[in-house]
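Heads up: the structure comes next, in structure tokens.
Residue numbers (this note's numbering): 1132 to 1453.
See the structure below:
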């Protein structure tokens, strides 16, 4: 079976061209805030407001503030945010050409002189930091936080999920379904791709495009437990370049004759970018009466939007069999 190895280790993307009857790969482009996670609507009370008094507005704000503090602390303590806040890049690999592969185990990040001007030596120093951030992201929070902070984080996640009627856990469940992850057996692996341990094969791809800056967005992914369904190199910040530019990069990176795209978010910018790319777009709505929210959004609903633009892959299989 032909296979395409993604840049994240131990995850293999199935080549949809390996069989005439195999279904195409779908790239799902997700917005973050007020789509996969809730933060701004908690901080400003919008989330509680759509429930017309049924949700405690003060509790809404307090939960949002706790999340905000966790995000800033993680960004500063482990992701160099105080040092690199003014050097936002659209994705972690943006400066990979400047990374010379130096061993960073004893590197002094506090005193390496990262500063203006934004020249090649400083871009190399920033690329080093991006490499460490990617490594910490892949390790997960249990490798960087102590037991007390882990408990605070778990408690906040559970409190938020309960307050929002399962928004966070429902969004994660849908991301797991879109990935269509399965474990390969050793007999399925060729000698060229067989790793030391059995990898996971992903039929589809989840990509995040957020209007927030890159480093806090990566911190959010970890804190909101999205790191097992969205890899670090699949997180894009449109802060300076815009959603359309990010969508264009994603299309160039993943596009092919057997690849479909679907964008999901709550904002006008991602809607307009998806329309410009002729991709299906699903607009997330906070209101409890809407189906386009979490919980509520299902894979059947997502597939129906995709099929309107691309047609049903099941129909294509029937034509091939005939």
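Here a beta-carbon is modelled for each residue, glycine too, at the ideal position from N, C-alpha and C.
In this structure, residue 1297 places its C-beta atom within 8 Å of the C-beta atom of residue 1426. Of all C-beta pairs linking the segment 1206-1226 to the segment 1186-1193, fewer than three are shorter than 8 Å, placing the two stretches out of contact. Taking 8 Å as the cut-off, the beta carbon of residue 1346 is found closer than this to the beta carbon of residue 1206. The Cβ-Cβ distance between residue 1285 and residue 1309 does not fall below 8 Å. For residue 1385, the enclosing alpha helix (DSSP H) begins and ends at 1374-1385. Here DSSP, grouped into helix, strand and coil, assigns residue 1291 to helix. Rounded to whole angstroms, the gap between the alpha carbons of residue 1236 and residue 1265 is 15 Å. The three-state secondary structure of residue 1339, taken from DSSP, is strand. Around the beta carbon of residue 1261, a 10 Å sphere encloses 16 or more other beta carbons of the protein chains shown; the residue is thus reported as buried.
By the C-beta criterion, the segment 1225-1240 is judged not to be in contact with the segment 1371-1378, since fewer than 3 inter-stretch pairs fall below 8 Å. Here residue 1158 is not near residue 1412, since their CB atoms are 8 Å or more apart. About 11 Å separates the Cβ atoms of residue 1335 and residue 1307, ruling out a contact at the 8 Å cut-off. Contact between the segment 1358-1372 and the segment 1189-1201 is absent, with fewer than three C-beta pairs closer than 8 Å. Its chain contains 1219, 1368, 1370 as the residues whose beta carbon lies nearer than 7 Å to that of residue 1344, once the 5 sequence neighbours on both sides are disregarded; these appear in chain order. Every alpha helix (DSSP H) of 4 residues or more that sits fully in the segment 1353-1437 is shown, in chain order, as 1374-1385, 1399-1407. Cβ atoms of residue 1355 and residue 1168 come within 8 Å of each other, at about 5 Å. Non-local beta-carbon contacts of residue 1249 in its own chain, meaning distances under 8 Å to residues more than five positions away in sequence, involve 1218 in chain order. Secondary structure of residue 1159 (DSSP, three-state): strand. Here residue 1161 has 1167, 1339, 1395 as same chain residues with Cβ atoms under 6 Å from its own Cβ, once five neighbours each way along the sequence are excluded.
Beta-bridge partners assigned by DSSP to residue 1168: 1164. Exposed is the label assigned to residue 1183, since fewer than 16 other Cβ atoms lie within 10 Å of its Cβ.
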